[in-house]
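Counting from 1, position 123 in the sequence shown corresponds to residue 149 in the working numbering; the numbering is continuous, with no gaps.
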Amino acid sequence: CYTVDKQVSRNHAVDNWTREFEIELPVSDPDCWYDVADDLDAMLGFLTGDIWHFTFRPSNMDLFEPGKNWRRRKPFQATAVHLFSGGLDSLAGAIDNLAQSTRSRLLLLGHYDAPGPRHTQQSLYDNLPLRYRRRAKLLPIRVSHSPQKAYEPTMRSRSLLFLSLGVYAAHAMGAEMPVYASENGFMAINLPLSQSRVGSCSTRTMHPFFLNQLSSILKQLGIQNEIVNPYQLKTKGECIAECADFDLLRSLVNVSVSCAHYG
27 CYTVDKQVSR NHAVDNWTRE FEIELPVSDP DCWYDVADDL DAMLGFLTGD IWHFTFRPSN
87 MDLFEPGKNW RRRKPFQATA VHLFSGGLDS LAGAIDNLAQ STRSRLLLLG HYDAPGPRHT
147 QQSLYDNLPL RYRRRAKLLP IRVSHSPQKA YEPTMRSRSL LFLSLGVYAA HAMGAEMPVY
207 ASENGFMAIN LPLSQSRVGS CSTRTMHPFF LNQLSSILKQ LGIQNEIVNP YQLKTKGECI
267 AECADFDLLR SLVNVSVSCA HYG
């Protein structure tokens, strides 16, 4: 869905925004996915502002294919997966989780499609004190178009990709493993403060309605891992002021980035 979203320009739509997609997905159990097809259409419609129609067929290949030099390593023993974007909210959320309990062990999962975000994520991780790095592991994952550059820059479906990577990693470690996705509540709801930001013209990356729809679909598919936004009822100022290790957060603010104004 993410690559399709990026590949088709909104300029091709009648209203220069709303596209209509018909997509056939290869899956392991088509009957299971048909049970959630309508919900999937509605969830992605809310997230991206487009019209989606899904059909499914049996997949003829494994989801994971080891590379030539792949070898199994001892897995990192995490207590939670934490989406680590390089942004200030995600940094504060990781610090809170690590500072509030010495038992916390975080798999910091980063997604990037250009070198910039990965460098930021790595820099933030490298600047965490050793006492925290010993209880955290950074896993950067690249998903991008190749060889051509994508046409559409709005990327409304990016959060679905990011959350799906987090859920995939968490589910691999157990059904009880939570996924933390930290976003201040004001930004999550993303109030349309002007007419130009109505509907999906404002990103719905972490909107509670979207997260509830996604969680419902996952549960119907047999995936029980909980998605948690610990900042849903906080402003950005409260996220910062109430950080469990405020001095550390303050020292790393200038290393973090804004997704709205990257760089």
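All C-beta atoms, glycine included, are put in the ideal place defined by N, C-alpha and C.
Check                                                                                                               : Outcome
DSSP beta-bridge partners of A162                                                                                   : L132
Where V325 sits in the DSSP three-state scheme                                                                      : There is no way to answer for residue 325, as the model of the chain reaches only from 27 to 289.
Three-state class that DSSP yields for A106 in the structure shown                                                  : strand
Nearest-angstrom beta carbon gap, L51 and F82 [assumed within contact, 8 Å]                                         : 5 Å
C-beta atoms of Y28 and L187 nearer than 8 Å                                                                        : yes
Rounded C-alpha distance that separates L259 from K94                                                               : 47 Å
Distance CB(I121)-CB(L244) smaller than 8 Å                                                                         : no
T105 versus R129 - alpha carbon distance                                                                            : 8 Å
Candidates S208, P56 and V281, of which the one nearest P84 by Cα                                                   : P56
Element boundaries [beta strand (DSSP E), containing F47]                                                           : E46 to V53
Runs of alpha helix (DSSP H) lying entirely within the stretch 226 to 272, each at least 4 residues, in chain order : 234 to 246 and 262 to 267
H79 - containing beta strand (DSSP E), residue span                                                                 : I77 to P84
Paired residues, beta bridge with I121 - DSSP                                                                       : Beta-bridge pairing links I121 to no other residue.
Local Cβ density within 10 Å of C58, reported as buried at 16 or more and exposed below that                        : exposed
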